[in-house]
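Numbering (my numbering), first residue to last: 2 to 261.
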């Protein structure tokens, strides 16, 4: 039997199948609607436990504070023993621990509050490039979870929260653009793999080599990269594949992009 004939039979069978399904669906339609109506009427809203009510009240209190100061960050501990919920994370972060900036001046204000080496606009940024965006990734919940739980236990509290004035980061990224070309500089905490693969010496990889070594990587992820470790951070400079900047020029840029 020819392939076209097989396809035709398969298509016809599909039409017949859907036809019988439609008849069955129509016959069951009114019954299904009645069943849904009865089930909905019978369903009752879940009654909140006293612990859940206390948690809700504390979150609402924090949210009111954040309405006045949206850039603040709070960390909240709620014991599972109180809420009677198993497996739920007991510590949560509220507020803005990952601020983004569209103005360089606003980024500098936040960077000034940090007690670590921070990124800055490189002194030798090529002509034509302007600041585009910045992002700071502050603390993760896990960074303070153990400390907060210990404080709550010491105070004998099952619900405990406090404002977090964080001064260290997990990651910082700045981007500069000149038409279709971009320069992205970043700083983040190195993990065990980073420490194994990189050192204080610069490691350069072209977008062409990246594509050759990783043929399945999407085009939007291909960059020319310069990576090294310094000031306890994994630092990097990335440019788009067609960017005319050379490795030597990227290294010069790297030397002035960190404020100690």
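All residues carry an ideal CB built from backbone N, CA and C; glycine is no exception.
Going by beta carbons, residue 182 and residue 241 fall inside the 8 Å limit. Going by DSSP, residue 107 is part of the alpha helix (DSSP H) stretching over 105-112. Residue environment: residue 123 is assigned as buried (16 or more neighbouring CB atoms within 10 Å of its CB, all protein chains considered). Residue 174 has its alpha-carbon roughly 38 Å from the corresponding atom of residue 53.
Taken through DSSP and simplified to helix, strand or coil, residue 225 comes out as strand. Rounded to the nearest angstrom, the gap between the Cα atoms of residue 246 and residue 227 is 12 Å. The C-alpha of residue 88 lies about 8 Å from the C-alpha of residue 81. In this structure residue 76 touches residue 165 by the C-beta definition: roughly 5 Å separates them, less than 8 Å. For the pair of segments examined, the stretch 192-212 was found to touch the stretch 220-239: the number of CB pairs separated by less than 8 Å reaches three.
The Cβ atoms of residue 131 and residue 170 lie no closer than 8 Å to each other. If you draw a 10 Å sphere on the C-beta of residue 58, you find fewer than 16 other C-beta atoms in it, and that means exposed.
Residue 132 has 177 as its beta-bridge partners, per DSSP. Under DSSP, no beta-bridge partner is assigned to residue 49. For residue 238, DSSP records a beta bridge to 186, 227.
Counted as a single uninterrupted DSSP element, the alpha helix (DSSP H) harbouring residue 150 occupies residues 142-155. Going by DSSP, residue 93 is part of the beta strand (DSSP E) stretching over 92-96. In this model, residue 219 and residue 65 are separated by some 43 Å (Cα to Cα). In the three-state reduction of the DSSP assignment, residue 172 falls in the strand class, which pools E and B.
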